[in-house]
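Numbering (this note's numbering), first residue to last: 11 to 368.
Here's the structure, in structure tokens; my notes come after.
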Amino acid sequence: MIKKSSLRAQLSSGELTQAIEESYQQKDSFTFKSIFSPEKVKGIHFWKPGPGQHIFDILPYIAGSKNPRRKKGKAAYVVDIFAHRGVGPNEDQYLCLAKSYNEPCPICEYRGERSKESDATEDELKALKPSRRVIYAIWDGDDQKKGVQLYEVAHWFMENPIQSIVKKPKRGGGLSEAIDFPHPDIGKSIAFEIKAVGKNRDYTGHQFVDRDEPIPDEILEAVPVVDELLHVPSYDEVHAAFFGASAHEVEEIAESVKEEEPEDEPEVEEEEIPEVEEEEEKVPEPKKELKPKLQVKEEVLVLECPFTEYGATFGAKDSYDAYQECGTCDIKEECRIAASSVVEEVKKSGKFKPIKKS
Numbered sequence: 011m012i013k014k015s016s017l018r019a020q021l022s023s024g025e026l027t028q029a030i031e032e033s034y035q036q037k038d039s040f041t042f043k044s045i046f047s048p049e050k051v052k053g054i055h056f057w058k059p060g061p062g063q064h065i066f067d068i069l070p071y072i073a074g075s076k077n078p079r080r081k082k083g084k085a086a087y088v089v090d091i092f093a094h095r096g097v098g099p100n101e102d103q104y105l106c107l108a109k110s111y112n113e114p115c116p117i118c119e120y121r122g123e124r125s126k127e128s129d130a131t132e133d134e135l136k137a138l139k140p141s142r143r144v145i146y147a148i149w150d151g152d153d154q155k156k157g158v159q160l161y162e163v164a165h166w167f168m169e170n171p172i173q174s175i176v177k178k179p180k181r182g183g184g185l186s187e188a189i190d191f192p193h194p195d196i197g198k199s200i201a202f203e204i205k206a207v208g209k210n211r212d213y214t215g216h217q218f219v220d221r222d223e224p225i226p227d228e229i230l231e232a233v234p235v236v237d238e239l240l241h242v243p244s245y246d247e248v249h250a251a252f253f254g255a256s257a258h259e260v261e262e263i264a265e266s267v268k269e270e271e272p273e274d275e276p277e278v279e280e281e282e283i284p285e286v287e288e289e290e291e292k293v294p295e296p297k298k299e300l301k302p303k304l305q306v307k308e309e310v311l312v313l314e315c316p317f318t319e320y321g322a323t324f325g326a327k328d329s330y331d332a333y334q335e336c337g338t339c340d341i342k343e344e345c346r347i348a349a350s351s352v353v354e355e356v357k358k359s360g361k362f363k364p365i366k367k368s
């Protein structure tokens, strides 16, 4: 067995300090993964109106790059997205890549396959369907001292009834011009009521109300770029979370996707080489061969764990860094790469199975 002094050396290497720092950074994080980036919404209040009557102002902003309905740089007042809720063992939330951004979504793909199978139930397919959500920056008329807040709510409860009153019918047929309710100067406040119906809530009585004064500059200038607060996941991240990978594995896959994304290289203008009478023939340098990740796994799997006598296995996910001896192993990095490659290979082969809810 490894000497205690070697273990003490590993524990004194700074890894404990790193663990403390990571725990400190996560102390205020969500208990589950949200559609928002935790670091971007830190310090921002979320409006949670309860049963009763309410009045509030929807604040406009300039759209960023993550608003699926408005181009970057255009005036906007709402972020209209679709989200999958209750994903994985931690009941996480993820933006639906298909319905929100017209990109492949692993959950929607799975739902499509299940809908073709005879044993799929309506409840199962309904649970896999993304829900439509809207996000506003608002100013609470009942508590204006809180300043700008975020309001996330079902599209059906707020944006749908607002759009039903935004144009008024005219005599003789047709509809009036849309009411510019988010406008900071000539806009309207919105009043509505929440009624508790058992465990459910009913949103009723939506109407526009004249403002006493325009939106103050200090409030308008404090509105964040709402869509930039979102966490837009990669396909692999959602796939891993949905098909039962642990939170740690999901984060590792998400990070590996970021690392594999090629960086845009600046275009370099070629310099004109003056002609010379005699010039040696230049042999072009061989291009660097890019190897797929699974090929790395094939190369390192030929290695053998030096601590097999204790039950360790090279490249096994449950063996990597699980023994005291691993701290001094000469092929620890190769073992880590092999272990992560196993996760990637299983993920790509579709062998993950979704965790059934009890």
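Virtual Cβ for every residue (Gly too), placed ideally from N, Cα, C.
C-alpha distance - residue i paired with residue j, whole-angstrom precision
i, j, result
"E238", "V219", "30 Å"
"A86", "I200", "17 Å"
"D153", "E223", "16 Å"
"Y71", "V235", "6 Å"
"D331", "I341", "11 Å"
"V260", "A251", "6 Å"
"V158", "A188", "25 Å"
"C339", "I30", "25 Å"
"V356", "F253", "For V356, the predicted model reports a pLDDT of 40, less than 50, meaning its position is unreliable; a value from the coordinates is still stated below. Between V356 and F253, the C-alpha separation is close to 11 Å."
"K131", "Y104", "One point to set straight first is that residue 131 is Thr, not Lys, in the sequence displayed. Between T131 and Y104, the C-alpha separation is close to 23 Å."
"W166", "I263", "34 Å"
"T323", "R346", "12 Å"
"P316", "S33", "33 Å"
"V207", "H94", "25 Å"
"S22", "K209", "53 Å"
"K50", "K126", "40 Å"
"S75", "G182", "42 Å"
"L240", "A255", "22 Å"
"A326", "G24", "26 Å"
"D129", "K136", "14 Å"
"G407", "N112", "The requested residue 407 is not part of the displayed model; the chain covers only 11 to 368."
Candidates the options: closest to residue i by CA position
i, options, result
"E247", "A29, I45, A19", "I45"
"A257", "E31, E101, S16, Q28", "E101"
"V97", "E344, T131, L138", "L138"
"V242", "E31, S23, P48", "P48"
"F202", "Q217, A251, E132", "Q217"
"Q63", "P316, K205, G197", "K205"
"K58", "K156, Q20, A332", "K156"
"R142", "L17, L26, V89, I117", "V89"
"I54", "T214, Y104, I148, G197", "I148"
"A19", "C336, P316, P192, S244", "C336"
"S174", "G183, C106, G215", "G215"
"N77", "C106, S110, E344", "S110"
"P171", "K136, G184, D212, G182", "D212"
"N221", "K209, K198, L240", "With the sequence shown as reference, residue 221 is identified as Arg, and Asn is not the correct amino acid for it. The shortest Cα separation from R221 among K209, K198, L240 belongs to K198."
"V176", "S75, H249, P192", "P192"
Supposed contact pair residue j and residue i - C-beta distance, whole angstroms, cut 8 Å
i, j, result
"P114", "A108", "7 Å"
"E123", "V144", "Rounded, the Cβ-Cβ distance is 29 Å, inconsistent with contact."
"F66", "P140", "Between P140 and F66 the Cβ distance is about 26 Å, and since that is not below 8 Å, they are no contact."
"I68", "Y146", "5 Å"
"Y245", "P116", "6 Å"
Nonlocal neighbours in the same chain, by C-beta distance under 6 Å from residue i, ignoring five residues either side
i, result
"K8", "For the chain, the structure presents residues 11 to 368; residue 8 sits outside this window and is missing."
"K43", "D102"
"K178", "S186"
"C118", "A108"
"Y161", "W57, Y146, I148"
"Q28", "none"
Cβ-heavy atom distance, residue i to the ligand COA, below 6 Å
i, result
"G197", "The model depicted lacks the ligand COA and carries no ligand whatsoever."
Same chain, Cβ closer than 7 Å to residue i, five either side skipped, listed in chain order
i, result
"P194", "P70, P224, I225, L230"
"D150", "W57, F66, K156, Q159"
"L26", "none"
"I196", "D190"
"P294", "Confidence at P294 is low in this model, with a pLDDT of 48, below 50, so the placement of that residue is unreliable and no value is reported for it."
8 Å CB neighbourhood of residue i in its chain, flanking five on each side removed
i, result
"E134", "R124"
"A73", "R80, K81, K82, G83, K84, A85, A86, V235, D237"
"V164", "At residue 164 the sequence reads Ala, which differs from the Val that was named. S141, R142, R143, V144, listed in sequence order."
"C106", "I91, F92, A93, H94, C115, I117, C118, P140"
"E289", "Residue placement at E289 cannot be trusted, given a pLDDT of 47 that sits under 50; the coordinates are not used to answer."
- Determine contact between the segment 72 to 91 and the segment 220 to 232, defined as no fewer than three beta-carbon pairs at a distance below 8 Å. no
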